[in-house]
Structures are given as C-alpha cells and as structure tokens.
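Since the structure comes first, as structure tokens, the remarks are kept for the end.
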Amino acid sequence: MIFQRALRRELLSSAGATFTILFTIILTWTLIRILGQAAGGKVASGDVIALIAFTSLNYLPLILALTSFIAVLMVVTRSYRDSEMVVWFASGQSLTAWIRPVLTFGFPIIVATAALAFYAGPWAKQQYAEYVERFAKREDLQKVSPGQFKESGSSNRIFFVEGTSGQTASVQNVFVNQIDERGTSVIVAKEGVIETGDNGQRYLVLKNGRRYQGEPGQADFQTMEFDSYKMRVAQQATKLEAIQKVNAIPTATLVKIPTNQARAELLWRISAPITCLVLMLLAIPLGFVNPRAGSSTNLIIAILIFFTYYNLTELFRKGVEQGRFSFMMGWWPLHVAALLTVVALFLWRLNVNSRWHPRALFSSHKRGKVAP
1215 MIFQRALRRE
1225 LLSSAGATFT
1235 ILFTIILTWT
1245 LIRILGQAAG
1255 GKVASGDVIA
1265 LIAFTSLNYL
1275 PLILALTSFI
1285 AVLMVVTRSY
1295 RDSEMVVWFA
1305 SGQSLTAWIR
1315 PVLTFGFPII
1325 VATAALAFYA
1335 GPWAKQQYAE
1345 YVERFAKRED
1355 LQKVSPGQFK
1365 ESGSSNRIFF
1375 VEGTSGQTAS
1385 VQNVFVNQID
1395 ERGTSVIVAK
1405 EGVIETGDNG
1415 QRYLVLKNGR
1425 RYQGEPGQAD
1435 FQTMEFDSYK
1445 MRVAQQATKL
1455 EAIQKVNAIP
1465 TATLVKIPTN
1475 QARAELLWRI
1485 SAPITCLVLM
1495 LLAIPLGFVN
1505 PRAGSSTNLI
1515 IAILIFFTYY
1525 NLTELFRKGV
1535 EQGRFSFMMG
1545 WWPLHVAALL
1555 TVVALFLWRL
1565 NVNSRWHPRA
1575 LFSSHKRGKV
1585 AP
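Next comes the structure, spelled out in structure tokens:
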C-alpha cells in the first residue's frame, strides 16, 4: 500500500508536468492560428478568446491520452533505471502488480476523456461554428477592419475604410466600389454613418464625397459631388442555420442518424476512451529500459506508437465513412489487436523477468559451483 500510494503520487506528478507541456504547445499553436484568422478578417477579434477555448477543448481527449501514456511510461522507465524494479521483483512481486495502481491513477482520465469525446467536444465544435457563422452574418460595415478591403455579403461591393468607431458603425475616409445594373461606380467620402430607416432597413449615409460612374475616358463617364449620399447596407438573416457538421452533433442525436458519416463519427468518439485505456496498459511492459542505457529511445518509440494507433483509428473511421465496411466491423478489431499486443508484451516481459529474477540467478550460480 505504501508503494502504491508513492506510485500514484509519482504518476500524478509526471502527468501534471506532461499535460502542462502538451497543453501549452497546443494552446500556442491554436493562438497563432486563430490570431491569423482574426487578422485576415475570417473571425471577429473579440471572439478570439472564446474560439481558443473551444478549439483547446476539442484537443483535450488527444492530450489526455498522450499524457497518461507518457506519464506511465516515464514512471516505469525511471523504476528500471534506478534499479527499483530489481527490488520489486526480488520481493516476489510481478510486473502485473503495476496494473492496479496504474488503472487507479488512469480511471479519472479515462472518464474525463469519454466525457470530452461524447459531450464536451461536440458542444465546443458547435459553439465554434456558431461564432464563425454569427460573424459571417454581420452587416457589411461591421465586418470592415481599418486598412483592409472587404467584400459585401451580396458580393457586389468592396469596402475600404481608414478608421472605424466600432459599435456605432461610424467610419472615416470611406471607399466603396459597387457593381450594379448601371455598371461600375466608385464612391469616396470623408465620413459614413449607419442609420436605421422607418422600415427597419439599415443605410450607410456618406457625407462630403464624390461618386464616379462608368469608365474614365468614355462618353458616359460621370462625376458627382455630394454632401450626403444614402446607400442601403446588405443585412444577413440574424437566425443561425442548424449546424450541419457531423462532428458537432450531440451524441444522443448522432446514434439515431443511420448515415455512414454519423457512424464514423460515433466510432471516433468510442475509440477515444478505449485508446486511452489501452495505451496506459501498453506503457507498463513498454517501459523496460537497461539501467546502463538511456531512456530516450523508449520515449521516441512511445510517440511513434501513439500516432500510429491514432492514425489507424482514423483509417478505420474513414473506412466506415466511405462504406468499405460496417460500423459493427469497424470499431473493435483495432482495439482488440492492441489489447492482444499488450497481453503478448506482458507475457514476454514476465518470461524475461523470471529468467533474470535474483532467485533464479542465485540458483544458477549455486549449480555452477557444484558442477565439475
């Protein structure tokens, strides 16, 4: 019991450090990507924090599985490197005695991974899609960022402003390129203000500007100066459409959809906690290391195994999605093969440990003395 409590404390410490490193890497990468989208006008700058949180939530099942795998592997490897396993085997304990404390440590992680995969992950994807859609359905001038050309929702206007006051939709030094049934026109103005008409329609009122109609040098080219020019602003429907992406559908609804895409997404969600469990068990026999050698090789092999496992899961998911095989034949073979690999590694490691057990070595040493 003392050993198991010490082992759980070491596992928690190792998992905490590993999770911090992995989550920081994912968070930094997500921050750079979403800030790039905000700078390009694809998402609202005010939604960056929320979008980072939703994206990070989607990656948590992957991070938790890798964290638990590496944590168990590093603790087992350290025990071999510091010769604690020699004492462990000399006390009559087997390598299988590690399973219980590892599962005790990993059970909350498996539950958290399942909750994220089945509930929190789809909710986060849905919220992310709604934030992006809500930004796409804003009025034309609310999308405009100072110093950037933006296309209107109707695709017949291009706006450019040098300054904006934000919520009031008041802009300065406005440039508008418009294409309509009369041809191409260019409007420049010192100032523009959004106003709401009696019918609820929104208008952009430009002040102190000029309007150029037609092509320069042609007979129909016109120039007009104005003190005030009213232009209707395209309004998108405020009602958000239903999320169509399968990965954002709640699990309770997903199980009722009989399509290949829905079954493939369900396979992916089921695989997340199973993969987490299998990898933790795999780390126990995989953690063997020669005390005189380095432990970096084990870590490299573990990372390769982890990504191979996840890529194979994605391969099975694609197979179900494309209809190459059914859901019932797609969700279990990979995990059964992985569990059989874990059992084979345990049996191989137990056989090796029995041959190198201190008692066995002592017996062979005595037989060597008796022999002529």
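Note that the sequence shown covers residues 1215 to 1586 in the numbering used here.
Ideal placement from N, C-alpha and C gives every residue a C-beta, glycine not left out.
Being a predicted model, the structure only gives us computed values, none of them experimental.
- The alpha-carbon of Gly1250 is positioned some 25 Å away from that of Ala1334.
- Straight through space, the alpha carbons of Trp1545 and Ser1485 are spaced by roughly 7 Å.
- In the three-state DSSP reduction, Ala1478 falls in the helix class (H, G or I).
- Non-local C-beta neighbours of Glu1405 in its own chain, meaning closer than 6 Å and more than five positions away in sequence, comprise Gln1386, Lys1421, ordered along the chain.
- Straight through space, the alpha carbons of Ala1551 and Glu1479 are spaced by roughly 21 Å.
- Taken through DSSP and simplified to helix, strand or coil, Arg1538 comes out as coil.
- By alpha-carbon distance to Lys1339, the top candidate from Thr1473, Leu1513, Asn1272, Ala1258 is Asn1272.
- Between Ile1401 and Gly1423, the C-beta spacing is below 8 Å.
- Note on the stretch 1309-1337: whole alpha helix (DSSP H) runs with a minimum of 4 residues are 1313-1329, in chain order.
- The beta carbon of Ala1264 lies closer than 7 Å to those of Tyr1345 in the same chain, with the five residues before and after it left out.
- In this structure, Thr1281 places its C-beta atom within 8 Å of the C-beta atom of Leu1236.
- Residue burial annotation: Ile1216 is exposed, with fewer than 16 other C-beta atoms found within 10 angstroms of its C-beta.
- DSSP places Asn1504 outside both helix and strand once states are collapsed to three, so it counts as coil.
- Bounds of the alpha helix (DSSP H) holding Met1288 are 1262-1295.
- Rounded to whole angstroms, the separation of the alpha carbons of Glu1528 and Pro1499 is 25 Å.
- At a Cβ-Cβ threshold of 8 Å, Phe1541 and Arg1483 do not count as neighbours.
- Residue nearest to Ile1488 within the set Leu1317, Gly1537, Pro1464 is Leu1317 (criterion: CA-CA distance).
- In the DSSP assignment, Gly1250 falls within the alpha helix (DSSP H) that extends over 1216-1253.
- Spatial neighbours of Ile1248 in its own chain (CB-CB distance under 6 Å, excluding positions within 5 residues in sequence) are listed in chain order as Val1262, Leu1265, Ile1266.
- Per DSSP, Glu1429 lies in no alpha helix (DSSP H) and is assigned neither H nor E.
- In the structure shown, Gln1307 falls within a coil segment according to DSSP collapsed to helix, strand and coil.
- The stretch 1304-1321 makes no contact with the stretch 1513-1528: fewer than 3 CB pairs, one atom from each, lie closer than 8 Å.
- Arg1446 is positioned such that its CB atom lies closer than 8 Å to that of Tyr1417.
- Take the alpha-carbon of Leu1481 and the one of Phe1233: they are about 25 Å apart.
- Counting of Cβ neighbours within 10 angstroms places Glu1439 among the exposed residues, the total staying below 16.
- Rounded to whole angstroms, the gap between the alpha carbons of Ala1462 and Gly1533 is 20 Å.
- Between the alpha carbons of Leu1526 and Leu1548 lies a gap of roughly 8 Å.
- Apart from sequence neighbours up to five positions away, the residues of its chain that approach Pro1464 with a beta-carbon distance below 6 Å are Pro1336, ordered along the chain.
- In this structure, Ala1331 keeps its C-beta atom at 8 Å or more from the C-beta atom of Lys1459.
- Cβ contact annotation for Phe1539 (same chain, cutoff 6 Å, sequence separation greater than five): Gly1533, in chain order.
- By the neighbour-count criterion, in which a residue is buried when 16 or more other Cβ atoms sit within 10 angstroms of its Cβ, Gly1260 is exposed.
- In the structure shown, Ala1258 falls within a coil segment according to DSSP collapsed to helix, strand and coil.
- In this chain, the beta strand (DSSP E) harbouring Ala1403 covers 1397-1410.
- The continuous stretches of alpha helix (DSSP H) do not include Thr1473, and DSSP gives it neither H nor E.
- In the DSSP assignment, Val1460 falls outside any beta strand (DSSP E), carrying neither H nor E.
- The three-state reading of DSSP puts Gly1544 in coil, since its state is none of H, G, I, E or B.
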